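Report on the following structure.
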Amino acid sequence: MTEIFGVPIQALAGQLMLGLVNGSFYAMLSLGLAVIFGMLNIINFAHGALYMMGAIFTWMFMEYLGIGYWWSLVLAPISVGLIGIAIERLLLQWLYKLDHLYGLLLTFGLALILEGFFRHLYGVAGQPYSIPDELSGAINLGFMFLPKYRAWIIVASLTVCLVTWYVIEKTRLGAYLRAATENPALTQAFGINVPLMVMLTYGFGVGLAGLAGVLAAPATQVGPLMGSNLIITVFAVVVIGGMGSILGSILTGLGLGLIEGLTKVFYPEASATVVFIIMAIVLMFRPAGLFGREK
Amino acid sequence: MKRKLLALTLSALLLPAAGSALAQAKGKISGDVVKIGVLTDMSGVYSDLGGQGSVVAAQMAIDDFKAKYKPTFKIELVSADHQNKADVGSNKIREWYDTQGVDMVTDVLNSAVALAVAKVTTEKNKIMLNAGAASTRITNEDCAPNNVVHYVYDTYALANGPGKAVTKLGKDTWFLLTADYAFGHSLEKDTTNAVIANGGKVVGNVRHPLNASDFSSFLLQAQASKAKVVGLANAGGDTINSIKAANEFGLTKNQTLVGLLTTVVDIHALGLQTTQGMMFTEGFYWNLNPETREWSRRFFAKHKKMPNMLPAGAYSAVTHYLKAVQATGTDDTATVMKKMKDTPINDFFAKNGKIRDDGRMVHDMLLVEVKKPSESKEPWDYYNIKQVIPGDQAFQPMAASRCPAVLAAKKK
Numbered sequence: 001m002t003e004i005f006g007v008p009i010q011a012l013a014g015q016l017m018l019g020l021v022n023g024s025f026y027a028m029l030s031l032g033l034a035v036i037f038g039m040l041n042i043i044n045f046a047h048g049a050l051y052m053m054g055a056i057f058t059w060m061f062m063e064y065l066g067i068g069y070w071w072s073l074v075l076a077p078i079s080v081g082l083i084g085i086a087i088e089r090l091l092l093q094w095l096y097k098l099d100h101l102y103g104l105l106l107t108f109g110l111a112l113i114l115e116g117f118f119r120h121l122y123g124v125a126g127q128p129y130s131i132p133d134e135l136s137g138a139i140n141l142g143f144m145f146l147p148k149y150r151a152w153i154i155v156a157s158l159t160v161c162l163v164t165w166y167v168i169e170k171t172r173l174g175a176y177l178r179a180a181t182e183n184p185a186l187t188q189a190f191g192i193n194v195p196l197m198v199m200l201t202y203g204f205g206v207g208l209a210g211l212a213g214v215l216a217a218p219a220t221q222v223g224p225l226m227g228s229n230l231i232i233t234v235f236a237v238v239v240i241g242g243m244g245s246i247l248g249s250i251l252t253g254l255g256l257g258l259i260e261g262l263t264k265v266f267y268p269e270a271s272a273t274v275v276f277i278i279m280a281i282v283l284m285f286r287p288a289g290l291f292g293r294e295k
Numbered sequence: 296m297k298r299k300l301l302a303l304t305l306s307a308l309l310l311p312a313a314g315s316a317l318a319q320a321k322g323k324i325s326g327d328v329v330k331i332g333v334l335t336d337m338s339g340v341y342s343d344l345g346g347q348g349s350v351v352a353a354q355m356a357i358d359d360f361k362a363k364y365k366p367t368f369k370i371e372l373v374s375a376d377h378q379n380k381a382d383v384g385s386n387k388i389r390e391w392y393d394t395q396g397v398d399m400v401t402d403v404l405n406s407a408v409a410l411a412v413a414k415v416t417t418e419k420n421k422i423m424l425n426a427g428a429a430s431t432r433i434t435n436e437d438c439a440p441n442n443v444v445h446y447v448y449d450t451y452a453l454a455n456g457p458g459k460a461v462t463k464l465g466k467d468t469w470f471l472l473t474a475d476y477a478f479g480h481s482l483e484k485d486t487t488n489a490v491i492a493n494g495g496k497v498v499g500n501v502r503h504p505l506n507a508s509d510f511s512s513f514l515l516q517a518q519a520s521k522a523k524v525v526g527l528a529n530a531g532g533d534t535i536n537s538i539k540a541a542n543e544f545g546l547t548k549n550q551t552l553v554g555l556l557t558t559v560v561d562i563h564a565l566g567l568q569t570t571q572g573m574m575f576t577e578g579f580y581w582n583l584n585p586e587t588r589e590w591s592r593r594f595f596a597k598h599k600k601m602p603n604m605l606p607a608g609a610y611s612a613v614t615h616y617l618k619a620v621q622a623t624g625t626d627d628t629a630t631v632m633k634k635m636k637d638t639p640i641n642d643f644f645a646k647n648g649k650i651r652d653d654g655r656m657v658h659d660m661l662l663v664e665v666k667k668p669s670e671s672k673e674p675w676d677y678y679n680i681k682q683v684i685p686g687d688q689a690f691q692p693m694a695a696s697r698c699p700a701v702l703a704a705k706k707k
């Protein structure tokens, strides 16, 4: 069997596939962050907590209401989005004129409160959520048995990412959004309701986090700490991609998933750090990130 | 005359001192209160293992003791969150000893925190009955047998049970998935030793960062190794997610999964469908006999979760301590420690438990196998007991001790 640095090429292909799965999560989460930062100038530290809520809602729907996975896929992101809208209306909208730091501190505080609340309710060990019957089992790819559910994660998240990118970059609605980001006062003068757009953007951004949470629920244990384990890496992804860059965050998310996957084979001890090493290197040469524009 | 006066004065001065020394040995309790502290992780990754459960158990121990033995002294309980940080833990314990008059501390899960707290406890000459930490360093390199008792389990006992039993079943090639910090390394080392000693072989290992969010690629490596057994040298959320991914990738079809530090709480979190057939060592099982059931049901009524070995151990430790205080009539560290070491421990948690010279409390451990969903008769009914490992075989023998105090005593 052909080998690269002592690792059979088949095993390597399997690991790259898994890297792509993780990359899909990074892409979806960092996409939401990028949209929010782009439109609202808010560094949304509550993103991980909202992702966690997406997963917990999925579990709660099943546990208390008997609502299955497929309905949750729609209902949980909407619920999280509505909570996001409430957060934006009640808290965030007062901070737009202030320094980034205030938004960061507020959302960080929110994240701690949300995590604490669910920890109090359910403890840290979390809850099990099983894979829906339609997606259980595995596909033989020749080089590995890929669980169908993991394949579904890649398909679902790529679709969502591409649709989001298309809407923002190629449609009229997207053009309004981008205009409102660039110059809110002028856009408002054209009769476009900017505060409404901002509110819906935040709702959509955190809805994406909620959707990622639903996708994650059957793959990992549903617990209050699942967001905070992931969010720091996702922020690094956003910084590498360039704050506010939509395509940048999608591509970097997937790319870093792959690099992390390779690290897990060749030097697993560094798999938690490799993203940050890349971040440091990228910032040295391109302070605005790979796809970001310097303002 | 002058000399007589001097002698009289002197003896008058000395008498009360001698008297109070006598009183202390006979029956004096500092501040008239015996104060017990529960220092644990209240909010982090290990809070479901000990945490509030240990506080509830310690309070139960105090209430039961008061009801049964009607002590003349007061007993108080304090608790705090060490956040899994050694510095937070040692600051808190210093405050407790210096300003709050705490006499004994228990739980203290997380080996890093436990080692820091042990140091302060020795310095202040107080007592720690550790019910939560795993590292064998507590009774070896860093032992403090005059102040510290390692009460419930350690990495040697965890590794030894399955290391021996599973290897003897003919599953003699192992692959280890290790949490990349002191505790994981210690567990990895002890498991490797146990496997080799029983004629097995460790064919590979992978070290993952603490709190890794995805374990699938590590498990794929374990799968590719073709080892018959995959050992999880990690704990809490890491173990839970490893087991979950192992199932998804079909690893459990051809390989045996051994969680080296798994408790009933983890099994409850994952469900039997996912965990059936797993084997590991636990220090306690609530559904073992009528005595354990009786206590555990009382615990469940208060905490809404069945106890694992940590709260059960904390209850036993607090009770054993209070009995020693009652019997000696003092909370003086040396006196109480001596009494605790002289008295065997017989309760629902431990049968013929004994505190050794290195501070290790040896008691029977259980090698368990997780039931199939069809075998489970009620909620939390999860284990088939495969073997009761007698205390003297479960824990590291004294002959292998690396505790300086024990080694010095041997030389004499």
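Those protein sequences? They're chains A and B, same order as listed. Residues in the first sequence are numbered consecutively from 1, following the working numbering. Residues in the second sequence are numbered consecutively from 296, following the working numbering. Where a beta carbon is used, it is the ideal one built from N, C-alpha and C, also for glycine. These numbers were taken from a predicted model, which means no experiment stands behind them.
Rounded C-alpha distance that separates residue i from residue j
i: Pro366(B); j: Met399(B); result: 17 Å
i: Asn529(B); j: Leu555(B); result: 7 Å
i: Gly6(A); j: Val501(B); result: 15 Å
i: Asp336(B); j: Asn379(B); result: 6 Å
i: Gly227(A); j: Ile153(A); result: 17 Å
i: Met243(A); j: Gly38(A); result: 7 Å
i: Val461(B); j: Leu567(B); result: 20 Å
i: Lys463(B); j: Asp626(B); result: 47 Å
i: Val297(A); j: Leu40(A); result: The question about residue 297(A) has no answer, for chain A in this structure spans 1 to 295.
i: Thr417(B); j: Phe360(B); result: 27 Å
i: Asp133(A); j: Leu162(A); result: 27 Å
i: Asn229(A); j: Lys323(B); result: 50 Å
i: Trp70(A); j: Ile36(A); result: 26 Å
i: Leu18(A); j: Leu141(A); result: 13 Å
Best match in the options for proximity to residue i [C-alpha to C-alpha]
i: Glu710(B); options: Gly494(B), Asn493(B) and Gly499(B); result: It is not possible to answer for residue 710(B), since the shown part of chain B is limited to 296 through 707.
i: Asp402(B); options: Glu390(B), Tyr446(B) and Val415(B); result: Tyr446(B)
i: Lys618(B); options: Gly526(B), Gly346(B), Val350(B) and Ala362(B); result: Ala362(B)
i: Met28(A); options: Ala156(A), Phe291(A) and Gln221(A); result: Ala156(A)
i: Leu75(A); options: Ala212(A), Leu114(A) and Val265(A); result: Ala212(A)
i: Asp561(B); options: Gly545(B), Leu546(B), Lys539(B) and Gln550(B); result: Lys539(B)
i: Thr434(B); options: Gly346(B), Arg651(B) and Lys666(B); result: Arg651(B)
Contacting residues, own chain, Cβ-Cβ under 6 Å from residue i (five flanking each side not counted)
i: Ala318(B); result: Its pLDDT being 41, under 50, Ala318(B) is placed unreliably by the model, and the measurement read from it follows with that caveat. Hits under 6 Å: none found.
i: Tyr580(B); result: Leu661 and Tyr678
i: Ala607(B); result: Phe579 and Phe644
i: Gly332(B); result: Val373, Trp391, Val397 and Val400
i: Asp642(B); result: Ser611
i: Ala609(B); result: Ser349, Ala352, Ala353, Thr401, Asp402 and Ala426
i: Ser481(B); result: Ser430 and Thr450
i: Asp393(B); result: none
Status (buried if at least 16 other CB within 10 Å, exposed otherwise) for residue i
i: Gln395(B); result: exposed
i: Glu260(A); result: buried
i: Glu63(A); result: exposed
i: Phe204(A); result: buried
i: Asp687(B); result: exposed
i: Leu305(B); result: For Leu305(B), the pLDDT reaches just 49, beneath the cut-off of 50, and the residue's location in the model is therefore unreliable, although a value from the coordinates is still provided. Burial call: exposed.
i: Met423(B); result: buried
i: Pro674(B); result: exposed
i: Met702(B); result: Position check: residue 702(B) holds Leu in this sequence, whereas Met was assumed. Exposed, by the Cβ-count rule.
i: Val683(B); result: exposed
7 Å CB neighbourhood of residue i in its chain, flanking five on each side removed
i: Ala645(B); result: Ser611 and His658
i: Tyr476(B); result: Leu505
i: Phe143(A); result: Gln10, Ala13 and Gly14
i: Arg697(B); result: Asn435 and Glu436
Closer than 9 Å at the beta carbon, the chain A residues around residue i
i: His503(B); result: Lys264, Pro268, Glu269, Ser271 and Ala272
i: Thr569(B); result: Pro128 and Ser130
Other residues of its chain near residue i: CB distance less than 8 Å, five sequence neighbours each side excluded
i: Leu310(B); result: Unreliable placement is indicated for Leu310(B), whose pLDDT of 46 sits below 50; the coordinate value is still reported in the next sentence. Around Leu310(B): no qualifying Cβ.
i: Tyr122(A); result: Ile56, Gly223 and Pro224
i: Ile83(A); result: Leu50, Met53 and Val206
Interface partners of residue i on chain B, CB under 7 Å
i: Leu18(A); result: Ser511, Ser512 and Leu515
i: Leu196(A); result: Those within 7 Å of Leu196(A) in chain B number zero; the least Cβ separation is about 35 Å.
Contacts that residue i makes with chain A (C-beta to C-beta distance below 8 Å)
i: Glu543(B); result: Ile131, Pro147, Tyr149, Arg150 and Ala219
i: Lys484(B); result: None at all; the shortest Cβ gap to chain A is about 16 Å.
Closer than 9 Å at the beta carbon, the chain B residues around residue i
i: Asn229(A); result: Asn506, Ala507, Ser508 and Gly532
Under 8 Å from the C-beta of residue i: neighbouring residues of chain B
i: Gly48(A); result: In chain order: nothing, as chain B lies at least about 10 Å away.
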